[in-house]
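Everything on this sheet refers to the single structure shown next.
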Ligand code: CO
């Protein structure tokens, strides 16, 4: 059963040559780096939520039709301190070791926010980094997966929450992100980072009364789109409530979803509109069409999906997490109403597109899906956003993770190449790297690893 994907994996391994079943395309050469939690207990304590588990890096090197594999814990301060002291030391998304108000205030004002960067992989300056939602990117050696340490941003921006989903502009190579600062006046800072730099340039600061939990944002070639889901926090509660970070946020549907469009060239807020209340983790893509911004997101009716991801619920055979809906918001620049429409009947999460379609019109989104409401992600999907039609890959009893599209060197379309996914086979007590043909969405090859890898979040392929 899929619950195997929420158990700790203590082994760190390196296998030079995984068995390969099938034919890996000759042109497919590079490294898939993935991130996700792999340790859910410290001593006799346990983390509460899927997003809390201690990060483990996983690497698949593909060359000449062969695959090597390595997995290694991220040696964050969060993990190091916990292992040394035999107890959870730092506050995570939904786990908070600080018992007293005094302890909480100290943790807010000291640099002990978590660096357990378990969510994504990216580049910052000249480093490959693991990313999470605190501004503590952790650099590591992509060859050995050895942790180098937290990269200090070369700026003095003071904002404790950010996104693990920065966008890289395909033309300029600049990275765009946002960071939230909490206080008497809370703020979102929209920032850009030049290639090879680690300084965040604040392009625009927006004031906000009740900051929204925004796991990601949208970006076109000319604009950044912040979607403020009505899952919001009173900043003082973060300090005084004594609750873990995310439990301070409350669902306030009467606010609706506020969409704020920021022009990248000068930081101007060029459109602000309100749509119906929704919640989302993941933006899929955004682009401009006529006098409007099209913003595609994987949405939920409300924020209860966050509760679905508590580990006791994920491990409970009676409960199953919600799966997302592919939705399009169209925001006119002239102040008109937002249009909101469902693009496909096929449920989806962990959406990925061709990296070079970032900010541009596109047709294809890859993701995971569920064949019924009574399971976890048990298929891969490829959805045509124009028609809503979907193709799927599924194998009974297996559970695939985020699909990463790798274009063939000569590709001009969005599905000429391969789709890579790490799939859990609980019965076999192992996971395997799956290589799909992106166009037919059929299996080309698989390479099993010698253990079951817990479900991860995101990763990147570097040719
Ligand atoms: Co994410």
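Residue numbers (our numbering): 379 to 841. Don't be surprised by glycine CBs; every beta carbon is placed ideally from N, CA and C.
- Take residue 721 and list the residues in its own chain whose beta-carbon comes closer than 8 Å to its own, dropping the five residues that flank it on each side. 674, 704, 705, 706, 761, 763, 766
- Query: Between residue 497 and the ligand CO, is the CB less than 7 Å from at least one heavy atom?
  - Reply: yes
- Buried or exposed for residue 463, please, with buried defined as at least 16 other CB atoms from any protein chain shown within 10 angstroms of its CB. exposed
- Drop a sphere of 10 angstroms on the beta-carbon of residue 827, count the other beta-carbons inside from all chains shown, and report buried for 16 or more, exposed for fewer. buried
- Message: I want to check one thing, is the minimum distance from the CB of residue 594 to the heavy atoms of the ligand CO below 7 Å?
- Response: yes
- Out of 597, 636, 581, point me to the one whose CA is closest to residue 645's CA. 581
- With residue 334 as the anchor, note down where its beta strand (DSSP E) starts and where it stops. What the structure shows of the chain is the stretch from 379 to 841, and residue 334 is not part of that stretch, so it cannot be assessed.
- Message: For residue 714 and residue 651, what's the separation of their Cα atoms in angstroms?
- Response: 8 Å
- Task: Work out the CA separation of residue 450 and residue 788 for me, nearest whole Å.
- Result: 34 Å
- Message: Please return the same chain residues whose Cβ sits closer than 6 Å to the Cβ of residue 570, not counting the five positions on each side in sequence.
- Response: 552, 554, 579, 581
- Message: Please state the DSSP three-state secondary structure of residue 616.
- Response: helix
- Message: Following a CB-centred definition, is residue 835 positioned closer than 7 Å to any heavy atom of the ligand CO?
- Response: yes
- Query: So is the beta-carbon of residue 659 under 7 Å away from any non-hydrogen atom of the ligand CO?
  - Reply: yes
- Alpha carbon to alpha carbon, how far is residue 693 from residue 790? Give it in angstroms, no decimals. 43 Å
- Item | Assigned exposure category for residue 667 - 16 Cβ within 10 Å defines buried | exposed
- Taking contact to mean at least 3 C-beta pairs separated by less than 8 Å, is the region 405–422 in contact with the region 490–500? yes
- Looking only at its own chain, which residues have a Cβ that is under 6 Å from the Cβ of residue 512, when we skip the five neighbours before and after it? 491, 492
- Item | Chain-order list of residues whose beta-carbon lies under 7 Å from that of residue 785 (same chain, five-residue window excluded) | 732, 794, 795
- Query: Taking C-alpha atoms, which residue in 561, 583, 841 lies nearest to residue 618?
  - Reply: 561
- Task: Please state whether DSSP places residue 662 in a helix, a strand or coil.
- Result: strand
- Task: With a 10 Å radius around its C-beta and 16 neighbouring C-beta atoms as the bar for buried, classify residue 556 as buried or exposed.
- Result: buried
- Message: My output table needs one value for residue 537: the three-state DSSP class, helix, strand or coil.
- Response: coil
- Secondary structure of residue 630, DSSP reduced to three states: coil
- Item | Whole-angstrom C-beta distance between residue 460 and residue 506, which should lie under 8 Å | About 24 Å separates the two Cβ atoms, so there is no contact after all.
- Touching by the beta-carbon criterion (3+ pairs, under 8 Å), the region 619–638 and the region 680–698: yes
- Item | Contact test: residue 543 Cβ vs the ligand CO heavy atom, cutoff 7 Å | yes
- Query: Which residues in the same chain have their Cβ closer than 7 Å to the Cβ of residue 488, if we skip the five residues on either side of it in sequence?
  - Reply: Unreliable placement is indicated for residue 488, whose pLDDT of 47 sits below 50; the coordinate value is still reported in the next sentence. Contacts found: none.
- Can you tell which of 631, 661, 613 has the C-alpha that lies nearest to the C-alpha of residue 679? 631
- Out of curiosity, what's the CA-to-CA distance linking residue 379 and residue 472? 25 Å
- With a Cβ-Cβ cutoff of 8 Å, do residue 409 and residue 439 count as a contact? yes
- Query: Does the Cβ of residue 437 have 16 or more other Cβ atoms within 10 Å, making it buried, or fewer, making it exposed?
  - Reply: buried
- Message: Pop quiz: residue 592 and residue 604 are said to be a contact at Cβ under 8 Å. What is the actual Cβ separation, rounded to whole angstroms?
- Response: 7 Å
- Message: Is the separation between the beta-carbon of residue 744 and that of residue 797 shorter than 8 Å?
- Response: yes
- Task: Go through its chain and collect everything with a Cβ distance to residue 805's Cβ below 8 Å, but skip five positions before and after it.
- Result: 775
- Beta-carbon proximity of residue 637 to residue 647, cut-off 8 Å: no
- What is the rounded straight-line gap between the Cα of residue 515 and the Cα of residue 403? 33 Å
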